[in-house]
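Protein chains in written order, with our numbering: chain A, 21 to 688; chain B, 363 to 730. Ideal Cβ positions, reconstructed from N, Cα and C, are used throughout, including at glycine. A quick note: this is a predicted structure, and the numbers were derived from the prediction, not measured. A short write-up of the structure that comes next.
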Amino acid sequence: MDENKKYPKSSIFKPLRHFKYLFKRPLSHPLDTVLTAKNADYLNKNNPFRKNKLKNSQPRTGPDNLRGFHVNDWEQCIGCATCEEICPTAAIEMVPRHDLPLVAGKLQQRPVIDYGRCCFCALCVDTCTTGSLKMSKEYVFGDSNPNSFKLMPTEKWQDHEVELGYQKSEVTDLLDLKRIEMEHVSPEERVKSYIEVIRGYSKEFAKLEASRCVECGVCTASCPVQMHIPDYIRAIWEDDIEGGLKIIYETNPLPGVCGRVCTHNCETACSIAQRGEAIAIRWLKRYIIDSAPDEMYEKIFSEPVSEVINAKIAIAGSGPSSLSAAYYLRGLGYTVDVFEEKSRAGGVASFGAPEYRIPDYAVEKDINFIKKIGVNIYTNTKIGKDITLEELQKKYDAVYLGTGFFSARKLNIPGSDHPDVMGAMDFLPITRDFARGAISLEDVNVKPSVVVVGGGDVAFDVARNATRIQILKYGKANVKLTSLETLDILPGSDDEYLEGTEEYINCFLGHGPQEVVLKDGKIKGLRVTKCTRVFDETGRFNPEFDNTQETLLEGEQVFFSVGQAPDYSYIPESLKDKVIIERGKIKASQDGQVAGLDWLFVGGDIFRGPDIITGVSDGHRAAVAIDDFLYNKSKKKEQTEYMKNVREAIKFNNPDLALKPERKRTLK
Amino acid sequence: MKEMKLFLGPQHPGMHGNASVHMFVDGDIIKRSYLLPGMLHRGFEKQMERKLWVNNIALIPRVCVPEPDINEMSFAIATEKLLKLEIPERAHWIRMIILELARISAHLMAYGGIGGPTGNYTLMYHAQLDRNLILDIFEKITGARVYHQYIVIGGVRQDLPVGITKEILEFVNDLESRLVEYRDLGIDNASMIMRIKDTIMLPKEVVWELGVTGIGMRSAVGKAYDIRKVAPYARYDQVEFEVPTSSYSDARARLDIKIKEVQQSINIIKQCIEKMPEGPVRVKPGRGQSMRWTVPKGHVYAPIESSRGEFGYYMVSNGGTTPWRVGVRGASYPQGLLGIEKYLPGTRIDDAALWVDTMGICAPEIDR
Ligand SMILES: Cc1cc2nc3c(=O)[nH]c(=O)nc-3n(C[C@H](O)[C@H](O)[C@H](O)COP(=O)(O)OP(=O)(O)OC[C@H]3O[C@@H](n4cnc5c(N)ncnc54)[C@H](O)[C@@H]3O)c2cc1C
Ligand code: SF4
Ligand code: SF4
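Right, dumping it as structure tokens:
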């Protein structure tokens with residue numbers, strides 16, 4: 021046929037040229053070049069008929085990229101289970117390993133891989149949060165025992181040191197390590213008023229930020245109230261604000277406050293922070309609260325909370341721990357009365373932390389809901405003055421004290437008794453009242469140049485407040501801040517330092533205050549000397565100074581921000597011997613019950629401290645403990661199914677003590 | 363004589379993959395026949411709906427074992443279209459290198475495959491060895507020999523390893539010099555010609571009736587229909603290559619085109635290596651960790667040219683983290699499922715395996 025003309029002429033001899041291949045080295049790999057030592061051993065042992073023993077004379081090594089059996093560096097691995105989550109063949113199972121140390125940011129489990137399922141896609145490697153999981157160049161494994169195909173990868177493969185194969189790189193990484201930028205009001209703009217510095221996420225940005233979360237939950241254990249963080253972040257990602265709000269309220273009745281000023285240990289523990297920027301958990305929580313309209317709060321409790329027993333509880337102070345205790349006690353079915361000395365509730369959130377970080381409306385949103393479920397808050401009522409603790413003991417079945425560290429502390433150095441020397445908590449409540457318009461600018465005593473002593477967040481609160489008042493009063497700011505600690509060990513957070521210096525604060529870190537220098541009865545400045553060490557070899561606070569290096573920090577006013585102090589004057593003589601105070605704090609059981617006074621419970625700064633969320637957790641634990649103490653003793657009312665469920669949930673979510681993550685400093 | 367039923371099953375050395383042909387024969391002539399598919403039916407399409415966009419990469423290569431990369435490519439292009447995602451220039455060229463290497467490997471496997479039913483094992487060994495060398499290259503580039511999981515949404519998984527282009531060039535040059543040997547052993551071998559010339563015909567109608575594409579169509583109607591030409595993807599519009607055709611489709615013509623296509627693929631690879639720019643190879647489809655990647659609502663069909671013809675994924679997304687619906691156009695579906703019923707009858711029993719081989723049939727892509 022014509023068609024076949026296009027082919028060259030065929031010949032029976034043509035294929036004969038292939039005989040030349042008889043003399044070429046074969047391309048295929050003989051068995052003994054493929055096996056690893058272990059497999060050769062195994063096959064030799066189990067194959068008695070084989071005459072020529074298998075050797076692994078020159079095992080073939082895979083290329084550098086080979087996706088072979090996994091290795092996992094246990095030092096690095098945090099047990100986050102992200103590998104398990106992504107595995108498309110469900111080959112990975114996390115196995116509990118309680119022998120591993122229980123530390124913040126790590127889970128006591130490690131991945132086990134079923135090589136009967138694994139398809140060697142290496143998605144687990146690409147998504148591993150720490151980069152601990154890698155692949156080796158090993159790819160041959162044989163055994164008659166099917167269970168031996170389930171392996172828990174360690175740094176070694178089958179007890180052999182092996183060469184590494186496929187590892188993740190920046191290109192293959194499946195995580196998103198960069199945080200979605202949070203919009204800040206510019207420094208020039210914000211110092212002119214008390215406008216909130218952090219704008220909050222828009223819906224679009226919140227969803228993007230939420231989409232970075234891998235839901236590993238390592239954050240949860242380092243949260244003092246063990247918030248269900250991955251769940252509410254997922255709710256944001258799914259655009260389910262109502263669901264998110266409900267999840268948040270299971271563990272935290274002050275989310276508007278915490279969403280702004282929480283110390284966010286969760287973010288320090290976040291697995292994404294292992295190699296990148298932690299998920300902005302705090303801002304995401306705030307996003308839910310900011311987006312939840314008031315009506316939505318009604319869905320948290322689908323029925324009104326009703327009393328389940330005949331018992332009343334008094335709470336002293338209305339700081340975060342008190343409000344938390346009040347919320348949960350009310351939820352458990354008690355009548356709760358809160359007594360607050362000041363004009364409004366909230367404690368430090370209303371009178372300490374500045375308005376530009378935690379505005380009144382946000383505190384009010386939280387408190388309004390607590391009031392709405394039936395908690396009575398009596399302001400302008402001081403325990404010890406308007407009503408005594410003994411009276412409370414008589415009238416109520418249990419009393420919770422959460423009076424906080426509300427008094428200022430100063431350093432006892434020459435000149436510190438001058439009236440223009442103030443402690444942080446002398447000054448901050450005034451600024452807060454000014455910001456809400458309760459007092460006028462003239463009544464705020466801030467001089468044109470000030471020096472702030474202290475390196476913690478509160479010192480920055482003082483300095484940044486002073487800046488704002490100065491700009492309002494005098495048109496320009498002159499604030500110096502000095503601390504013993506240098507930047508690498510500064511107790512204040514990175515954010516405060518960065519935002520503070522943006523707001524024109526001059527920092528003189530690594531200096532110790534020696535004297536408030538006076539001239540003609542007026543303050544001239546603060547004499548400081550260089551601090552050569554803050555902590556001694558044993559890690560104790562024990563500063564040393566080099567007196568030859570001294571400086572005068574000029575200023576007409578000095579603020580000390582060297583810690584706050586409690587005021588226990590309301591504790592009557594009759595109880596003084598029972599209420600044991602150690603280093604400023606009241607001794608009590610883990611749940612806050614005072615030994616010998618089973619009706620008295622404590623929490624917050626006067627018990628544990630040092631932050632809001634720890635106070636909230638104290639309040640929750642104490643509420644459950646108070647219920648344990650009272651429930652069986654008191655006369656029960658008829659209880660609905662609904663209230664039973666609410667009570668059960670509160671008890672179920674009772675937090676454990678948190679694991680404290682090691683702080684990572686990014687500033688040098 | 364009474365009709366007898368014969369079973370050409372997956373264990374038969376001439377059968378391609380896990381499928382079986384049921385034949386009713388009279389003497390050695392096949393009277394009726396049909397394919398019994400389903401041995402590889404793992405519900406790929408359905409499973410894809412339940413797998414995250416990122417996870418599908420582990421599943422889809424399995425839709426065609428000898429040429430898995432086309433799945434990755436079609437899936438990636440379809441998703442990128444839905445995402446309106448521009449991928450880096452270099453990635454296009456790397457993808458073409460991978461696809462053409464895969465095409466050579468698939469053609470060699472099919473070409474060598476005729477060694478089984480004809481007893482010409484030398485041919486099979488040669489083809490398998492050359493394929494093995496390609497797998498070595500794949501292993502170096504992607505970390506795996508068969509299921510590469512390399513072409514991903516947004517480009518390719520990682521850049522080429524250093525020095526690999528030199529190795530690829532050496533290999534294709536060597537293969538090019540030996541293509542004539544393949545011809546000598548196969549289609550120009552006098553003892554083979556008797557088995558493949560003027561038999562196992564594919565009539566013209568098959569194209570319009572069943573929708574056969576690829577080499578089947580190009581040989582039966584002489585039309586140079588090749589997706590790389592008619593609807594170029596990647597950078598196929600920037601390389602020069604020919605689409606071999608024939609006006610007569612016997613087994614020999616189809617095998618001839620296979621070898622010619624290998625030559626064309628070699629040409630394309632050389633041009634890619636020359637023209638490929640430096641630069642990034644991958645963009646992420648969006649922010650967030652991969653398990654929360656979503657793809658906007660929409661539907662799209664992304665056809666590409668496989669070694670067996672037009673191959674494509676039709677995908678629907680409803681904006682979620684998984685495809686909502688996926689339909690795979692397996693290139694061998696028409697000839698494999700329907701062709702066997704319609705056109706295998708009339709040939710001899712011993713031609714059945716050759717029929718299956720030269721038509722280009724990949725069992726899992728029929729089963730999906
Ligand atoms: C300036 C400043 C800034 C801070 N910033 C943060 C921050 O950003 N993030 C963070 O997590 N933590 C911060 N803290 C720490 C945090 O505020 C406290 O740990 C937390 O508020 C402690 O809560 P509490 O329940 O113990 O009570 P507190 O908030 O201390 O409140 C105690 C309340 O009890 C009232 N009270 C006291 N005595 C009586 C009495 N005899 N009768 C009636 N009422 C009384 C007080 O008026 C006050 O309202 C800050 C602390 C300070 C001082
Ligand atoms: S993803 Fe990495 S760090 Fe997390 S459990 Fe798996 S191996 Fe460990
Ligand atoms: S390589 Fe792929 S299949 Fe294997 S354990 Fe990792 S994610 Fe699972």
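Note: threonine 549 (chain A) is bridge-paired with A:Gly532, A:Glu570 in the DSSP secondary-structure output. Of all residues in the region 194 to 207 of chain A, the ones placed with a Cβ closer than 9 Å to any Cβ belonging to chain B are Leu194, Leu195, Asp196, Lys198, Ile200, in chain order. For threonine 149 (chain A), the Cβ falls inside the 7 Å cut-off from some heavy atom of ligand 2. For glutamine 490 (chain B), DSSP assigns no beta-bridge partner whatsoever. With a threshold of 7 Å, the Cβ atom of glutamine 584 (chain A) counts as near ligand 1, since some heavy atom of the ligand is closer than that.
Residue pairing by DSSP puts histidine 661 (chain B) in a beta bridge opposite B:Val678. Shortest gap from the CB of threonine 109 (chain A) to any heavy atom of ligand 3: under 7 Å.
Around the beta carbon of asparagine 92 (chain A), 16 or more other beta carbons sit within 10 angstroms, so the residue counts as buried. Here histidine 284 (chain A) is buried. Its C-beta has 16 or more other C-beta atoms within 10 Å. Here glutamate 564 (chain A) is near threonine 552 (chain A), since their CB atoms are less than 8 Å apart. Of the residues assessed, leucine 518 (chain A) falls on the exposed side of the cut-off, its CB having fewer than 16 other CB atoms within 10 angstroms.
Close partners of tyrosine 509 (chain B) in chain A (Cβ separation under 9 Å): Cys139, Phe140, Cys141. Where lysine 500 (chain A) is concerned, the enclosing beta strand (DSSP E) starts and stops at 499 to 503. Distances taken from the Cβ of aspartate 587 (chain A) to the heavy atoms of ligand 1 include one shorter than 7 Å. Judged by the Cβ position, phenylalanine 561 (chain A) fails to qualify as a neighbour of ligand 1 at the 7 Å threshold, every heavy atom of the ligand being at least this far. Each residue's CA atom was taken as its position, placing lysine 542 (chain A) and glutamate 576 (chain A) some 7 Å apart. Around the beta-carbon of threonine 451 (chain A), 16 or more other beta-carbon atoms lie within 10 Å, marking it buried.
In the DSSP assignment, glutamate 158 (chain A) falls outside any alpha helix (DSSP H) and carries neither an H nor an E. In terms of beta-carbon proximity, glutamate 224 (chain A) stays away from the interface with chain B, with every pair separated by 8 Å or more.
The three-state reading of DSSP puts phenylalanine 621 (chain A) in strand, counting E and B together.
If you look at proline 275 (chain A), you'll find it in the alpha helix (DSSP H) that goes 275 to 281. For methionine 445 (chain A), the CB falls within less than 7 Å of some heavy atom of ligand 1. Not one heavy atom of ligand 2 is found less than 7 Å from the C-beta of serine 156 (chain A). Per DSSP, the beta bridge partners of aspartate 388 (chain B) are B:Ile391.
Within chain B, no C-beta atom comes nearer than 7 Å to that of serine 311 (chain A); the closest sits roughly 19 Å away. Close partners of aspartate 521 (chain B) in chain A (Cβ separation under 8 Å): Val191. The Cβ atoms of alanine 455 (chain A) and glutamate 375 (chain A) sit closer than 8 Å to each other.
Under the three-pair Cβ rule at 8 Å, the region 235 to 253 of chain A does not count as touching the region 346 to 357 of chain A. Residue contact check for valine 238 (chain A) against chain B: no CB pair falls below 8 Å. Chain-order list of chain A residues neighbouring asparagine 417 (chain B): Ile106, Pro108, Leu143, by C-beta distance under 8 Å. Below 8 Å, too few C-beta pairs join the region 394 to 403 of chain B and the region 500 to 512 of chain B to call them touching: fewer than three.
About 7 Å separates the Cβ atoms of valine 718 (chain B) and methionine 377 (chain B), confirming a contact at the 8 Å cut-off. Contact note: aspartate 588 (chain B) does not reach chain A at a C-beta cutoff of 7 Å; the least C-beta distance is about 20 Å. Boundaries of the beta strand (DSSP E) around threonine 355 (chain A): 355 to 359.
Annotation for glycine 681 (chain B) indicates a beta carbon at 7 Å or more from all heavy atoms of ligand 1.
Look at cysteine 527 (chain A) here: in three-state DSSP terms it is strand.
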